[in-house]
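In full-length UniProt numbering, the protein residues as written are 1 to 569. Backbone N, C-alpha and C define an ideal beta-carbon position, used for all residues, glycine too. These numbers come from a predicted model, not from an experiment.
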């Protein structure tokens with residue numbers, strides 16, 4: 001057995017830290033550096049307190065810290081994920097660096113892990129930063145509070161719980177502030193930070209951008225399939241907080257008891273939130289909350305219609321979605337393929353468009369968006385993928401480009417090969433390949449078997465695009481065709497994006513026909529407050545929109561009229 005090679009001792013605001021050098025790749029690795037004090041006892045349900053240690057003691061940072069308390073979610077089972085080491089004492093970060101020369105000024109990629117704000121951890125082996133760091137960048141990951149302990153809004157009941165609906169978000173912001181203050185000691189450039197997240201991780205990056213507490217922290221962001229509906233409107237977030245109190249048997253006039261409830265009771269109480277009858281709410285029932293302080297508005301209200309706030313006027317954005325987003329949930333929906341159109345209208349479409357508009361919305365999808373003769377399940381699958389990520393991602397790219405930001409868009413089409421052949425290019429498949437860690441996915445049922453050479457190639461094509469973007473603000477690199485910005489000045493109708501498939505290619509106006517129908521017809525039918533596609537100035541409130549507001553439109557100008565096929569399952 002080879003002798004352990006230790007790194008030099010690095011001074012940080014958390015004290016002196018020492019890690020180890022990966023013997024195979026010569027990557028300097030630091031695991032479990034504390035960035036905030038444990039949020040336990042009186043610090044439970046309070047914003048993170050920066051960890052400070054001025055002693056001469058050296059912290060040995062060679063093992064991952066515990067994950068935040070969580071229960072295994074259905075998608076964790078699907079991806080064969082199990083996290084045993086858990087504790088409320090979870091606010092730690094990890095660093096992978098080619099070396100620790102303080103003047104190296106390498107770009108820094110900061111990972112916000114996924115998991116619906118209810119599960120996941122930076123310690124999961126497939127988020128190991130070694131392979132990305134081999135591209136001469138620094139990779140950082142961290143844990144943050146999850147579930148009811150990190151995202152329960154209670155400030156409407158007690159001023160002593162200010163910020164409680166966004167504690168996980170405040171943890172994330174504190175971790176990035178730690179990086180900005182200390183990363184130069186590890187060879188990183190504190191002025192070249194790229195926030196990188198998938199799914200809920202991407203959503204919370206967007207929430208951080210809107211938070212006054214995080215103004216100007218990032219130079220760039222990589223956003224993979226952000227479910228923007230996860231950000232709860234103020235009243236709804238308060239209602240959820242009150243429901244959580246009721247589930248735990250804590251009286252509203254004694255909210256302070258929440259600091260004494262045992263962790264297991266929180267985990268058991270929050271499981272009811274995954275059983276909401278509304279399918280969209282059930283996908284991700286816990287997340288950021290509009291509270292007027294940490295988060296001033298919902299993500300859709302801002303990113304779809306407004307300029308970014310102060311500090312992010314020059315933010316550069318790489319953003320994408322997968323072709324078959326909703327397929328991620330098919331293993332948990334065994335009867336989905338067998339439902340008829342009336343059932344989908346009464347459930348999935350009613351959940352988004354309301355009972356009066358559901359049939360009209362269904363017919364728009366059936367007649368104008370999905371391929372001809374598609375079964376009802378395919379109609380619903382398209383719609384669910386749209387409201388989950390696709391439409392809001394495209395509208396975000398369009399809005400930010402309109403406000404002068406450099407935006408690079410992609411669609412992920414490369415398929416999984418799971419046993420039942422239902423995952424395809426589902427939610428999270430792109431994130432898995434992005435880390436170039438496929439050796440950790442061998443025999444995993446989520447990806448299944450495949451052509452290892454081909455898979456390795458596309459993993460490197462995507463991961464190197466992210467590395468290139470973090471380095472220069474442009475994802476172009478020699479391994480892919482030239483990747484133009486989403487919308488060039490003076491060419492607003494030429495919206496280019498990169499499609500990652502067996503052959504990587506540039507495609508213009510991705511999903512243009514479906515998007516045009518959302519911008520002209522479908523937005524008028526939306527009744528779900530989590531999907532405010534319309535700008536506020538278009539309507540005083542979503543609930544007051546009249547049933548006859550939507551009008552027929554002819555084929556959108558400039559559209560080919562072709563219904564682009566998205567593979568059925």
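Of 417, 324, 471, the smallest CA-CA separation from residue 455 is found for 417. For the pair residue 361 and residue 372, the Cα-to-Cα distance works out to about 16 Å.
Sixteen is the threshold: when 16 or more other Cβ atoms of the shown chains lie within 10 Å of the Cβ of residue 131, as they do, the residue is buried. Just measuring C-alpha positions, the residue of 197, 261, 251, 518 sitting nearest residue 431 is 197. Per DSSP, residue 483 is not a residue of any alpha helix (DSSP H), being assigned neither H nor E. Ranked by how close their Cα comes to the Cα of residue 206, the residues 149, 312, 191 have 312 in first place. For residue 186, the CB contacts under 7 Å within the same chain, skipping 5 residues up- and downstream, are 10, 95, 97, 100, 138 in chain order. For residue 152 and residue 68, the gap between their C-alpha atoms comes out near 15 Å. Apart from the 5 residues on each side of it in sequence, residue 38 sits with its Cβ closer than 6 Å to the Cβ of 89 in its chain, given in chain order. Assigned with DSSP and collapsed to three states, residue 246 falls in helix.
Ranked by Cα distance from residue 277, the first of 23, 221, 536, 528 is 528. For residue 411, the enclosing beta strand (DSSP E) starts and ends at 407-412. Cβ atoms of residue 427 and residue 225 come within 8 Å of each other, at about 6 Å. Taking C-beta separations shorter than 6 Å and ignoring five residues to either side along the sequence, the partners of residue 218 in its chain run 193, 195, following chain order. Under the DSSP assignment, residue 200 falls in the alpha helix (DSSP H) whose first and last residues are 200-210. Ranked by how close their Cα comes to the Cα of residue 292, the residues 262, 270, 231 have 231 in first place.
By the Cβ rule, the stretch 344-351 does not count as touching the stretch 432-445, because fewer than three pairs are nearer than 8 Å.
Per DSSP, the continuous alpha helix (DSSP H) segment holding residue 342 begins and ends at 341-344. Judged by DSSP in its simplified three-state form, residue 276 adopts coil rather than helix or strand. Under DSSP, residue 59 shares a beta bridge with 17. Annotation: residue 159 to residue 531 spans about 29 Å, alpha carbon to alpha carbon. A distance below 6 Å between beta-carbons, with the five flanking residues on each side excluded, links residue 109 to the following residues of its chain, in chain order: 137, 139, 194, 196, 470. Residue 507: member of the beta strand (DSSP E) spanning 505-508, first to last residue.
Per DSSP, the continuous alpha helix (DSSP H) segment holding residue 182 begins and ends at 167-182. Counting along the chain, the unbroken alpha helix (DSSP H) around residue 399 starts and ends at 391-402. In its chain, beyond the 5 residues on either side, 85, 86, 87, 89, 90 have a beta carbon closer than 7 Å to the beta carbon of residue 66.
In this structure, residue 508 sits near residue 496, with a CB-CB distance shorter than 7 Å. Taking all protein chains in view, the Cβ of residue 465 is crowded by 16 or more other Cβ atoms within 10 Å, so the residue is classified as buried. Look at residue 92 here: in three-state DSSP terms it is strand. In terms of Cβ geometry, residue 119 and residue 73 form a close pair [threshold 7 Å]. Closest option to residue 262, judged by alpha-carbon separation, among 239, 241, 148, 367: 148. For residue 268, the enclosing alpha helix (DSSP H) begins and ends at 263-270. Cβ contact annotation for residue 349 (same chain, cutoff 6 Å, sequence separation greater than five): 358, 361, 362, in chain order.
Residue 193 is bridged by DSSP to 108.
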